[in-house]
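Trainee: Which chain is which? The protein sequence lines are A and B, in order. In this note's numbering, each number is its position in the first sequence, counted from 1, plus 1272. In this note's numbering, each number is its position in the second sequence, counted from 1, plus 70. Think of the CB as a built atom: it goes at the ideal place given N, C-alpha and C, for glycine as much as any other residue. What follows is a structure written as structure tokens; I'll ask about it next.
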Amino acid sequence: MTLRDDKVTLSHGGGGKAMRDLIAEVFTSVFEPTSREDQARLTHEALLETGAQLAFTTDSYVVTPVEFPGGDIGKIAVCGTVNDLAVGGAKPLWLSAAFIIEEGTEIALLRRIVASMKAEADKAGVKIVTGDTKVVGRGSADKVFITTSGVGVIPAGRDLRADMIQAGDVAIVNGVLGDHGATILAARGDMMLSSDLKSDCAALGHLMEATCTAVPVRACRDATRGGIASALNEMAEAAGCAIEIDEAALPLRAEVKGTCEILGLDPLYLANEGTLVLFVPAEHADAALAAMRSVDTGKGATIIGQAKEGAPMVTMRTAFGGSRIVDMLVGEQLPRIC
Amino acid sequence: MRYVEEFRDPTAAKALLAEIEKVTKQIGATKEKPVHIMEICGGHTHAIFRYGLDRLTPEGIEFIHGPGCPVCVLPMSRVDECVQIAEKPNVIFTTFGDAMRVPGTKKSLLQAKADGADIRMVYSPLDALELARRNPDKEVVFFGLGFETTTPSTALSIQQAARDGLTNFSVFCNHITVPEPIKALLDDPYMMLDGFVGPGHVSMVIGVHPYDFIARDYGKPIVVAGFEPLDLLQSVLMVLTQIRDGRAEVENQYARIVPEHGNPISIAAINDVYERRPSFEWRGLGEIDASGLKIRDSYKAFDAEEKFGIGYAAGPRVVQEPDGCECGAVMTGRMKPTACPQFGKGCTPEMPLGALMVSSEGACAAYWQYGGRRAAEPAE
């Protein structure tokens, strides 16, 4: 062990010995990339199949606080990118991870984040094969920002696209909505809300693999920023048809509903990190539910609505017996005055 | 969620709706000759659309959406003054979240923040007070905004700042009151309102008697209402029943929350800290007599208008409204949001032109969010 500092200083970004020590001790000793060159060199049998497609995605992660009940920024950075691959029907294989670290960040915090990335990657069956670190001055970042890119393989014949959705297809979610968003709100502490909520943060590769193997999934999205409402609106637009959801069928925890009531927020717009919505032809709905429920992350799978003929918009049958439009979010949700 | 879901029970709603249908018929109200009921509060407008009550109630009832949304009635000039204060060096400007997006003549607070002003969202004026304690070298200004619901908490924070001897905390006071604009609406020669649904949370503070003049002097019924769909349906039924029976009274549907005489501690704090301004500017409605509150001289040290010499403290004011904006007509009930030529065209939640599209509680924003797009499209 040559890394003696408790906190990251600008010298850890200077390109010299301090940087080498930080990378070796905190990052590569855990991720164990096979290549010591400047690039990962990859091959996989799934790629040899005729008609197989490479899937490639990237995402940056910023979250305050960086550690929260149910996860941390590292776990989100792995799950989020794995999920971006998985919802396209790809088997996630490799990730890159780039860290922008604020001067003064505790090295112990970095170690915890890296450990949770490693654990999550192992669980999801992906390898973190290449990476980068940069250190920026105090105030130029908020502790740590992470960018992960992911590569996966879509098997031949699998083609998930929102424009494949047809009227009559059913919409299925894998579990409760809004837990992550409500957890982060409570964890920020300025609302003085206490709850037992945990982030739903989870990698969904295995869930998608089980579902796609069992039934012809038309399309899938993960309901991250902007919540389930934004995911459904995107899909309605791409599909050119209406989507109607049923308020009474939405899986929402009482704590999430309560948090939203107090703050004047709509749970349909709360972020999720382990929730997806997929469409399957109605005749495959039961098989899809069974396949999803056979996987841990799909235990709570349930039908929330259906695609319909009509102008591309999302509507909701309210539990009260009315109907309303569920629009895209404008800007971000702001708590109301009264 | 106990105490919430009971008030959203569809079976109970059916019974109330049947009763509403019956009384509407007895009154003889029709689509062509409807009864006009104003829900004063933006929270009620929001609930009406969220639960589709406008479509569940008979066509003989027309809801007119009142001025009870503090963000909506905030004039552009006051937003400009917020930006002016926020952009001063050494100032931390604190505000409730939904005031961030309100356009001023040049920019909103959100844009000012992007331009470098230190603007922070808080959930209570007490959070602003805490910021002042932790930043003794900064001037912390709280954007005091809202009706009688938020006025007491600002008053309490000013009292607390005075007790603590803080010198770096002040309030930019835009607190307004509900009864005065209602009087202004009732004095409007175009007025066609038949009854009111009153904001329950305002009465939780001030009680029901400040509305006595509505029944006594203008002969109109008013029912102070809760915010869940069953509360609203029951209140509408109570208004209709008064109309049918030829009565004009102040009734309290929200008795589980609203005491007849309000909350004496809150009222005492309000009276200790504030006095009436001679008049205050409302977006879309102009200056309304005695409708705004000013921080009393005894707490002058905490009045941002005095501290920075702006706003009403700076002298006569010019009222500016964007061209083509019909918010005034909508707010007085002369025009439906969808009848405004700008609705959905020059004015959307993304690019609000008028006040009523700005806040999520504004009537136009509610129309848009919960079905306005449908209304704005040609009928099939």
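To the nearest angstrom, report how far apart A/D1538 and A/A1591 are at their CA atoms.
Mentor: 15 Å
Trainee: Note down, in chain order, every chain B residue with its Cβ under 8 Å from the Cβ of A/I1345.
Mentor: At a beta-carbon threshold of 8 Å, none of the residues of chain B lie near A/I1345; the nearest stands roughly 22 Å away.
Trainee: Would you grab the beta carbon distance between B/K370 and B/C243 for me? Rounded to a whole angstrom, and I think it's under 8 Å.
Mentor: Contact doesn't hold; Cβ gap of about 11 Å is too wide.
Trainee: Starting from B/F413, find everything on chain A with Cβ-Cβ shorter than 9 Å and list it in chain order.
Mentor: None at all; the shortest Cβ gap to chain A is about 15 Å.
Trainee: Between A/E1581, A/V1338, A/S1466, A/G1546, which has its C-alpha nearest A/L1382's C-alpha?
Mentor: A/V1338
Trainee: Skipping 5 residues on each side, what residues in its chain have a beta carbon closer than 7 Å to that of B/F133?
Mentor: I107, E109, I118, D124
Trainee: Going along chain B, which residues have a C-beta under 8 Å from A/S1283?
Mentor: Those within 8 Å of A/S1283 in chain B number zero; the least Cβ separation is about 30 Å.
Trainee: Please look up how many angstroms separate the CB atoms of B/M401 and B/P137, rounded, as I've assumed it's under 8 Å.
Mentor: 5 Å
Trainee: CA-CA distance, A/D1494 and A/A1503?
Mentor: If you take the alpha carbons of A/D1494 and A/A1503, they lie about 7 Å apart.
Trainee: I want to see whether chain A comes within less than 8 Å of B/A449, judged by CB atoms only; does it?
Mentor: In this prediction, B/A449 has a pLDDT of 34, which is less than 50 and means its spatial position is unreliable; what the coordinates show is noted afterwards. Not closer than 8 Å to any Cβ of chain A, the Cβ of B/A449 fails to qualify, so no.
Trainee: Residues of the segment 109-126 of chain B in Cβ contact with chain A at a cutoff of 8 Å, in chain order, please.
Mentor: G113, F119, R120, Y121, G122, L123, R125, L126
Trainee: Spatial neighbours of A/K1363 within its chain, please: C-beta separation below 6 Å, excluding the five flanking residues on both sides.
Mentor: The beta carbon of A/K1363 sits closer than 6 Å to those of G1424, V1425, all from its chain and outside the five residues before and after it, given in chain order.
Trainee: Please report how far the alpha carbon of B/A339 lies from the alpha carbon of B/V278, in whole angstroms.
Mentor: Looking at the two C-alpha atoms, the distance is approximately 18 Å.
Trainee: State buried or exposed for B/H331, treating a residue as buried only when at least 16 other CB atoms are found within 10 Å of its CB.
Mentor: Exposed, by the Cβ-count rule.
Trainee: Work out the CA separation of A/E1506 and B/A449 for me, nearest whole Å.
Mentor: Its pLDDT being 34, under 50, B/A449 is placed unreliably in this model, and the coordinates cannot settle the point.
Trainee: So B/P299 and B/Y121 are in contact, right, with Cβ under 8 Å, and what is the actual spacing, rounded?
Mentor: 4 Å
Trainee: Which chain A residues are close to B/P80, counting only those with a beta carbon under 8 Å from its beta carbon?
Mentor: Listed along chain A, the residues sitting closer than 8 Å to B/P80 by beta-carbon distance are A1591, F1592, G1593.
Trainee: Within 8 Å (strictly less), CB to CB, does B/Q230 reach chain A?
Mentor: no
Trainee: List, in order along the chain, the chain B residues whose C-beta lies closer than 8 Å to that of A/D1331?
Mentor: Ordered by position in chain B, no residue passes the 8 Å Cβ test against A/D1331, which lies about 23 Å from the chain.
Trainee: Check for me: the beta strand (DSSP E) holding A/V1552 runs from which residue to which?
Mentor: Bounds of the beta strand (DSSP E) holding A/V1552 are 1548-1552.
Trainee: Taking the Cβ atom as the reference point for each residue, do B/I131 and B/T94 lie within a distance shorter than 8 Å?
Mentor: Closer than 8 Å, so yes.
Trainee: Out of A/D1468, A/D1431, A/I1444, A/P1523, which one is the CA nearest neighbour of A/A1560?
Mentor: Of the candidates A/D1468, A/D1431, A/I1444, A/P1523, the one whose C-alpha sits nearest the C-alpha of A/A1560 is A/I1444.
Trainee: Check whether the Cβ atoms of B/Y324 and B/V294 sit closer than 8 Å, and answer yes or no.
Mentor: yes
Trainee: Under a three-way DSSP split, which group does A/C1473 fall into?
Mentor: coil
Trainee: Mind listing the chain B neighbours of A/R1596? Cutoff is C-beta to C-beta under 9 Å, in chain order.
Mentor: F119, R120, Y121, G122, Q439, Y440, G441
Trainee: Looking at the unbroken beta strand (DSSP E) that takes in B/L215, where does it start and where does it end?
Mentor: 209-216
Trainee: Would you call B/K176 buried or exposed, if buried means 16 or more other Cβ atoms sit within 10 Å of its Cβ?
Mentor: exposed
Trainee: My output table needs one value for B/R233: the three-state DSSP class, helix, strand or coil.
Mentor: helix
Trainee: On the DSSP bridge list, what partners appear for B/T165?
Mentor: B/M191
Trainee: So, B/V272 versus B/V306, is the Cβ gap smaller than 8 Å?
Mentor: no
Trainee: Which whole-angstrom value is the C-beta distance of A/A1419 and A/I1295, which I expect to be below 8 Å?
Mentor: The amino acid at residue 1419 of chain A is misidentified as Ala; the sequence shows Thr. Contact doesn't hold; Cβ gap of about 16 Å is too wide.
Trainee: Are A/A1474 and A/G1546 close, meaning C-beta to C-beta below 8 Å?
Mentor: yes
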